[in-house]
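These protein sequence lines are chains A and B, in that order. If you're matching positions, the first sequence starts at 131 in our numbering and goes up one per residue. If you're matching positions, the second sequence starts at 131 in our numbering and goes up one per residue. Ideal placement from N, C-alpha and C gives every residue a C-beta, glycine not left out. Here the structure is a predicted model, which is why all the values come from computation and not from measurement.
Protein chains: 2
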Amino acid sequence: MAVYTDVDNDALAAFLAEYNIGEVLSFKGIAEGVENSNFLLETTRGRFILTLFEKRVAEADLPFFIGLMDHLALGGLSCPTPIHARDGKALRRLAGRPAVIVSFLTGVSPRKPNVAQCASVGAALAGLHAAGAGFGIRRDNALSLAGWRRLVNDCAADADKVRPGLAETIAGELAYLEARWPRDLPRGVIHADLFTDNVFFVGDDVSGLIDFYFACNDFYAYDLAICLNAWCFEPDGAFNATKAMALSRGYTGKRPLSRAEAAAMPLFCRGSALRFLLTRLYDWLNQVPGALVRPKDPVEYLNKLRFHTGAQGPETYGITID
Amino acid sequence: MAVYTDVDNDALAAFLAEYNIGEVLSFKGIAEGVENSNFLLETTRGRFILTLFEKRVAEADLPFFIGLMDHLALGGLSCPTPIHARDGKALRRLAGRPAVIVSFLTGVSPRKPNVAQCASVGAALAGLHAAGAGFGIRRDNALSLAGWRRLVNDCAADADKVRPGLAETIAGELAYLEARWPRDLPRGVIHADLFTDNVFFVGDDVSGLIDFYFACNDFYAYDLAICLNAWCFEPDGAFNATKAMALSRGYTGKRPLSRAEAAAMPLFCRGSALRFLLTRLYDWLNQVPGALVRPKDPVEYLNKLRFHTGAQGPETYGITID
């Protein structure tokens, strides 16, 4: 959470002159988003978020991300709506970086979501999957099996510095998943990073989903597994089965899972736990001196992975197979 | 610029229940202020800034800072106004830290101030000095001569790692200033840190002054010297005499300097350059691994100090002695 790039006022004024959104009243860097610089922009016409894309986001992916937000907003999802400039373009440049202005969303992210909020986010995830249908651009998930294999190789030499035996654990887990990963379950656009800080609530109701910069095409049920990992473990590491049941039922109430999807949930929970374990491990082992973001603890996801390894079946996650 | 402390939603709701400011609609950490955590808080009643005081601010000083903002706002200065809770207190606790809610100010901070903005900030500084009169609490400037002596001692062993000869330069400069520092010029409440990021503008007019957490009692003209250092050097290190004249005349148009104050300006510019050189040098030499704030370059203020050492007199700063 940081602002990486300073924006000069003259440059901002020149940039905004391309839009029909009025004059600047206030402009503040905000601590939201790990990969980009975000600013809260208030103009005489309303409030907006200005995002500058820093180098971790591939420019070639930006038309997918921005087109997706356009598509989802048109489909009725409450998400940031890209603001198009006078020439029709939403993706522009500012301070030497790709830049986009999107609509401001009201709401707050829960640090400790309650059961009702877990139910709401499950339903919102199903709404996102429905709204993504028909989107014309495709983006493969770079952080699925092939990406994990690369991360496992990159981390192999140093993983045991974090926890003795970790290299062997992740190599074994990846081999297990590679042998069993499904090929033909329902798929489409997924968020792929729907952590609590990417969901806004007013009370217990979801008021908006943000940060689509990991969105991609993959299995819908895998996205649900990411949410179970992100929303249903307590700070002490305990898995809260009540929250899991609420989240799963919130989802399946709007988009029922097929038998095959339900059966795959334990595997998807293991896979998504490995995915975040690996990216956190990589960031932990490759810390940049002077970086503005503290790396997250990979061991949190090692513990989640261990929980899923022992799960009995989809019932563990509040999912029943009829 | 960072957010050091996470605020849980339940804790925030309980905290706000002590106030008459409505329900939360939005809550975002903002990249403003180096010493504290700041959040933009939108409620059903309006917009506010919530500040959590981190450990670098001494709790004993908080009644001065908060009382001062109350006093200045009552005196007509556009500055954050502390919001008092139902029990009348403005200083409370949240997330284990002292906390205050203040009013939100519109406006943007210039990265590259223009001449008209320099004139405006000079006038605003004089307005601050006038509005501070009669404030009943006193806070000595911990970063005047005695504080510099301490910093010079702390940095002496390692200063030459930053620039060969730096230890000797700062020791000599401090001795020069100690021998000549005035004792009886007009004094009162000064801001002591009025850098560009602490001033908001709408166009070229000052819309508000913020961040009073270095405010203290000291010479008024010394505060003007801090501004000359902060506002009148270009990014390439050149001193912009046009901006200095505009800033000084903006100030003296509202609060004329005495002959003795005018004569002391070159000394005050040297002193304030040394002050920021020393604190930046200290932070540079004492970097905390994993810190969220990048230390600022001390050499910028070494170069400013060198400029002032060669100044001919107050005329260098656009100040004439009648």
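Candidates the options, of which the one nearest residue i by Cα
| i | options | result |
| --- | --- | --- |
| Asn244 of chain B | B:Arg385, B:Leu275, B:Val332 and B:Lys219 | B:Val332 |
| His259 of chain B | B:Ile151, B:Asn347 and B:Arg186 | B:Asn347 |
| Leu155 of chain A | A:Leu432, A:Glu172 and A:Ala143 | A:Glu172 |
| Glu165 of chain A | A:Asp452, A:Phe157 and A:Asp413 | A:Asp413 |
| Pro212 of chain A | A:Ala225, A:Ile179 and A:Gly367 | A:Ile179 |
| Ala297 of chain A | A:Lys434, A:Ala441, A:Gly159 and A:Leu411 | A:Leu411 |
| Thr409 of chain B | B:Arg385, B:Glu153 and B:Ala286 | B:Ala286 |
| Asp306 of chain B | B:Leu404, B:Ala143 and B:Leu204 | Just to set this straight, residue 306 of chain B is Tyr in the shown sequence, not Asp. Closest by alpha carbon: B:Leu404. |
| Phe145 of chain A | A:Leu281, A:Phe330 and A:Leu221 | A:Leu221 |
| Val329 of chain B | B:Ala253, B:Asp288 and B:Pro386 | B:Ala253 |
| Leu255 of chain B | B:Asn433, B:Gly318, B:Gly401 and B:Leu432 | B:Gly318 |
| Ala394 of chain A | A:Val251, A:Val282, A:Leu324 and A:Gln442 | A:Gln442 |
| Gly401 of chain A | A:Asp366, A:Glu430 and A:Asn359 | A:Asn359 |
| Ile231 of chain A | A:Cys362, A:Arg268 and A:Leu192 | A:Leu192 |
| His201 of chain A | A:Ser274, A:Ala229, A:Val251 and A:Gly257 | A:Gly257 |
| Ser233 of chain B | B:Trp361, B:Arg424 and B:Asp341 | B:Asp341 |
| Leu407 of chain A | A:Tyr431, A:Cys399 and A:Ala392 | A:Tyr431 |
| Arg280 of chain A | A:Lys242, A:Ile300 and A:Ile160 | A:Ile300 |
| Glu391 of chain B | B:Thr450, B:Phe344, B:Thr439 and B:His438 | B:Thr450 |
| Gly264 of chain A | A:Leu275, A:Gly218, A:Leu198 and A:Ala322 | A:Leu198 |
| Cys399 of chain B | B:Thr439, B:Arg310 and B:Arg269 | B:Thr439 |
| Ala351 of chain A | A:Tyr447, A:Gly277, A:Asn433 and A:Arg269 | A:Tyr447 |
For residue i, the three-state DSSP class (helix, strand or coil)
| i | result |
| --- | --- |
| Gly318 of chain A | strand |
| Gly197 of chain A | helix |
| Glu303 of chain B | helix |
| Arg177 of chain B | strand |
| Gly443 of chain A | coil |
| Met131 of chain A | Low confidence applies to Met131 of chain A: its pLDDT is 41, below 50, so where it sits in the model is not reliable enough to give any reading. |
| Phe369 of chain A | strand |
| Arg424 of chain B | coil |
| Arg310 of chain A | helix |
| Gly237 of chain A | strand |
| Ser250 of chain B | helix |
| Ser274 of chain B | coil |
| Cys346 of chain A | strand |
| Arg222 of chain A | strand |
| Asp335 of chain B | strand |
| Leu171 of chain B | strand |
| Val137 of chain B | coil |
| Gly401 of chain B | helix |
| Phe183 of chain A | coil |
| Val418 of chain B | coil |
| Ala143 of chain A | helix |
| Gly257 of chain B | helix |
Per-residue burial, residue i [other beta carbons within 10 Å of its own, 16 or more giving buried]
| i | result |
| --- | --- |
| Asp418 of chain B | Checking the sequence, you will find Val at residue 418 of chain B rather than Asp. Exposed is the call here. |
| Gly266 of chain A | exposed |
| Arg227 of chain A | buried |
| Ala261 of chain B | buried |
| Glu364 of chain A | exposed |
| Asn150 of chain B | exposed |
| Pro210 of chain A | buried |
| Asp353 of chain A | buried |
| Ser208 of chain B | buried |
| Arg389 of chain B | exposed |
| Ala371 of chain B | exposed |
| Cys153 of chain B | The question names Cys, but residue 153 of chain B in the sequence shown is Glu. Classification of Glu153 of chain B: exposed, given that the 10 Å Cβ count is below 16. |
| Glu308 of chain A | exposed |
| Ala355 of chain A | buried |
| Asn283 of chain B | exposed |
| Gly176 of chain A | exposed |
| Thr174 of chain A | exposed |
| Gly383 of chain A | exposed |
| Gly159 of chain B | buried |
Supposed close pair residue i, residue j - CB separation, criterion 8 Å
| i | j | result |
| --- | --- | --- |
| Pro444 of chain A | Pro396 of chain A | 6 Å |
| Leu182 of chain A | Thr135 of chain A | 5 Å |
| Leu303 of chain B | Leu435 of chain B | According to the sequence as given, residue 303 of chain B is Glu; it is not Leu. About 7 Å separates the two Cβ atoms, so the contact holds. |
| Val137 of chain A | Leu224 of chain A | 7 Å |
| Phe437 of chain B | Phe369 of chain B | 5 Å |
| Glu162 of chain B | Arg216 of chain B | Going by Cβ atoms, the distance from Glu162 of chain B to Arg216 of chain B rounds to 27 Å, so no, they are not a contact pair. |
Touching by the beta-carbon criterion (3+ pairs, under 8 Å), the region 335-346 of chain A and the region 308-317 of chain A: The region 335-346 of chain A makes no contact with the region 308-317 of chain A, as fewer than three CB pairs between them are under 8 Å.
Stretch pair the region 186-200 of chain B + the region 238-258 of chain B: three plus CB contacts closer than 8 Å: no
Decide if the region 246-258 of chain B is in contact with the region 371-379 of chain B; the criterion is three or more beta carbon pairs, one per stretch, under 8 Å apart. yes
Using a beta-carbon distance cut-off of less than 7 Å, what residues from the region 142-157 of chain A approach chain C? Here the protein chains are A and B, and chain C is not one of them.
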